[in-house]
Each structure stands twice: as C-alpha cells, then as structure tokens.
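Counted from 1, the sequence shown has number 162 at position 162 by my numbering; the numbering is strictly sequential.
All C-beta atoms, glycine included, are put in the ideal place defined by N, C-alpha and C.
Only one structure is covered here, and it is reproduced in the block below.
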Amino acid sequence: AVHGLPFFSITQIITLYTTTMKLAVISTLFAGAAAFAPAPVAKSGSALSATRAVKDAPKKKNITFGAAAGNVNPTGLIGDLPPVGFFDPAGFAAKASPEELIRYREVEIMHGRFAQLAIIGFLVPENYAAQGAYGDDFLAPTGTALEAVNTDPLWLGLTLGVIACLETIRLLETEPGTRTNAKILETGLYPEQSEEKLAEYSLKELQNGRLAMLAFAGAVAQELVNETPLLLNLQN
C-alpha cells in the first residue's frame, strides 16, 4: 500500500477490467433487444397505427428522463415506445414547426440507415482481417476497422465520396417530406403493402436505426480505447 491506498496487482486489474467490459456488453445487449421485438399494430387505417397501438397498451411506469418523458406524444410521429415513452429531453419537438419535425424525422431515419451499414462495415472487414484473407497488413497492426483511417485512407475517401454522391442525388430527386423513400415498395420486395404493415415496417426500421446509431458510437469509442476488434472483445 502507498499512503494508505491498497495495492492491486496487474492480474487483479486485468480481471476487474474484463469483468466490467462483459457486464457492459451484456447490459447493452439487453437494452437493445427491445428494438428487434415485433411492434404491436392496431387495426387502423392510419399510418400512425403503430403509435396508437402503443398508446392503447396497458400503462406501465415509464423511466423519467426530464419533463417530456412519459407525456403523450404531441407530434403525431411514430417511435414513442415503452418504457421510455415520448423521449425529447432537449425539447426539440416543442420548439420545431411541423415542417422542421418532418425534417428531423427524415434525418433520423437516414442516419439510422447509414449506421446499420456502418456496423456491418466494422464487423465484416475485421472478420476478414482476423482470418488473414487479404494479407497480414490488412487493418494492421490492431485488426480494427478504424485502422483503415491510417493504413487505407484512399478507401475512406472513396466511401465518403460515394455517400456524398448518393446524398446529393437523393436531395436533387426528392422533395421535403419524401426524402426517406428508398423506392423499396416500387420494386415489389414487400408484396403485402397494407397501411398496418407499412406502419409496422416503418417502426421497426426506426428502432433498428436508433439501435445501430448507439452501436456505432459504442464501437468507435471501444476501439479507440482498447484497440481490439469488436468480435474479439465479445469472445473474450
């Protein structure tokens, strides 16, 4: 002990850190699992049927996140689910006009879509690097996706360039209020296109996108801290 403080060995410190990381990962998995659960849909002809179904469900005690939490959703937008309810601690919805609210939702959906792709962009290259599929210098030396910033800046620039081109085309070909339409329905991928089903799909996409944004932020923070690939962290 030094000045009355207990002395911890390196082994004890590593054991404590590993246990803490595992508990954090398990907590995150439990918290995010709700986003993949089937959303209840009311028998309504409105595109907001998923929201009505949540409001009509048995009342549960919500987690309090400021004055706005637990209040009735004043926006008419889907996405307020138990236990959090209507979550707007910064008051953006109260300050925004109807046009601004629509834009906020469009931006949220697009960020969620990119975040889902970004998580795949972490896991797939890191798996290839672990298998040595592209040589020992691929994502070297740590094997994390963030190494591409240092070892392959050209690929990073090309990725950002492709995203910029796609976003420019989307803005030129669409009008405000329709900019989240990815033309999926027009291709016939979803033969059942009732309003109830579309509301359910929209709610699932929104929740999965929110989870992906949190996952992407967590992945970046984790790899900056311990420089270890995501799958390796889970295996350990």
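Alpha carbon of Thr174 to alpha carbon of Leu166, nearest angstrom: Counting from 1 along the sequence shown, the entry for residue 174 is found at position 174. Counting from 1 along the sequence shown, the entry for residue 166 is found at position 166. Straight-line Cα distance between these residues: approximately 12 Å.
Are the beta-carbon atoms belonging to Ile102 and Ala199 less than 8 Å from one another? Start at 1 with the first residue of the sequence shown, and residue 102 comes out as number 102. Start at 1 with the first residue of the sequence shown, and residue 199 comes out as number 199. Ala199 sits away from Ile102, with the two beta carbons spaced by 8 Å or more.
Helix, strand or coil at Leu81 [DSSP, three-state]: By 1-based counting over the sequence shown, the position of residue 81 is 81. Strand.
Distance, Gln193 Cα to Glu186 Cα: What you label residue 186 is simply residue 186 of the sequence shown in a count that begins at 1. What you label residue 193 is simply residue 193 of the sequence shown in a count that begins at 1. Each residue's alpha carbon lies about 11 Å from the other.
Span of the alpha helix (DSSP H) around Pro191: For the purposes of this step, residue 191 is taken as residue 191 along the sequence shown, with counting starting at 1. It is not in any alpha helix (DSSP H) - Pro191 carries neither H nor E in the DSSP assignment.
Name the residue from Gly91, Asn150 and Leu81 whose alpha carbon lies nearest to the alpha carbon of Asn208. Sequence index remark: in the sequence shown, residue 208 carries index 208 (1-based). Answer by Cα proximity: Leu81.
Under 8 Å between C-beta atoms of Ala212 and Gln116: The residue labelled residue 212 in the question sits at position 212 within the sequence shown. The residue labelled residue 116 in the question sits at position 116 within the sequence shown. Taking 8 Å as the Cβ cut-off, Ala212 and Gln116 qualify as a contacting pair.
Can you say whether Asn181 is buried or exposed, counting buried as having 16 or more other CB atoms within 10 angstroms of its CB? The count along the sequence shown starts at 1 and reaches residue 181 at position 181. The residue in question, Asn181, is exposed, as its Cβ has fewer than 16 Cβ neighbours within 10 Å.
DSSP three-state label for Lys204, please. Taking the sequence shown and counting its residues from 1, the one referred to as residue 204 is at position 204. It is helical.
Does DSSP put Ala182 in a helix, a strand or coil? Position 182 of the sequence shown, counted from the start, is the residue given in the question as residue 182. Residue state, collapsed to three classes: coil.
Secondary structure of Ala133, DSSP reduced to three states: Counting from one through the sequence shown, the residue named residue 133 turns up at place 133. Ala133 falls in the coil class under three-state DSSP.
Report all residues from its chain with a CB closer than 7 Å to the CB of Gly143; omit the five preceding and five following residues, and keep chain order. Working through the sequence shown from its first residue, we reach residue 143 at position 143. Around Gly143, the same chain offers Glu126, Ala129, Ala130 and Pro229 as residues with beta carbons nearer than 7 Å, after the five sequence neighbours per side are excluded.
Among residues of its own chain, excluding the 5 on either side of Met110, which ones have a beta-carbon nearer than 7 Å to its beta-carbon? Mapped onto the sequence shown, residue 110 falls at position 110. Thr180.
What is the DSSP secondary structure of Ala145, counted as helix, strand or coil? As a first step, residue 145 must be located in the sequence shown, where it is residue number 145. Helix at Ala145.
Starting from Leu139 and walking both ways along the alpha helix (DSSP H), at which residues does that stretch end? Numbered from 1 along the sequence shown, position 139 holds the residue referred to as residue 139. Following the DSSP letters along the chain, one finds Leu139 in no alpha helix (DSSP H), marked with neither H nor E.
Can you check which of these residues, Phe122, Ala140 and Glu196, is closest to Leu231 by C-alpha distance? Start at 1 with the first residue of the sequence shown, and residue 231 comes out as number 231. Residue Phe122 is the option with its Cα nearest to Leu231.
Can you look up Phe247 in the DSSP assignment and give me helix, strand or coil? Any question about residue 247 goes unanswered here, given that the chain covers just 1 to 236.
Taking the Cβ atom as the reference point for each residue, do Gly112 and Leu172 lie within a distance shorter than 8 Å? Locating residue 112 in the sequence shown gives position 112, where the first residue counts as 1. Locating residue 172 in the sequence shown gives position 172, where the first residue counts as 1. Contact: no.
What residue does the alpha helix (DSSP H) around Thr159 start on, and which one ends it? Residue numbering aside, residue 159 sits at position 159 when the sequence shown is read from its first letter. In the DSSP annotation of this structure, the continuous segment of the alpha helix (DSSP H) that includes Thr159 starts and ends at Pro153 to Glu173.
Cα-Cα, which of Thr159, Gly76 and Phe138 is closest to Arg105? The residue given as residue 105 occupies position 105 in the sequence shown. Taking only the C-alpha atoms, the option nearest Arg105 is Gly76.
Which term fits Ala34, buried or exposed, when burial requires 16 or more other beta carbons within 10 angstroms of its beta carbon? Working through the sequence shown from its first residue, we reach residue 34 at position 34. Residue confidence is low: Ala34 scores 38 on pLDDT, short of 50, so the model does not pin down where it sits. No coordinate-derived value is stated.
Just mark Phe92 as buried or exposed, buried being the case when its beta carbon has 16 or more other beta carbons within 10 Å. In the sequence shown, the residue the question calls residue 92 occupies position 92. So Phe92 counts as exposed.
Answer yes or no: do Leu139 and Thr151 have a C-beta to C-beta separation smaller than 8 Å? What you label residue 139 is simply residue 139 of the sequence shown in a count that begins at 1. What you label residue 151 is simply residue 151 of the sequence shown in a count that begins at 1. Closer than 8 Å, so yes.
Rounded C-beta distance between Gly155 and Ala145? I'm assuming under 8 Å. For the purposes of this step, residue 155 is identified with residue 155 of the sequence shown, where counting begins at 1. For the purposes of this step, residue 145 is identified with residue 145 of the sequence shown, where counting begins at 1. Checking the displayed sequence, the identity of residue 155 turns out to be Trp instead of Gly. The pair is not a contact, with the Cβ atoms about 11 Å apart (cut-off 8 Å).
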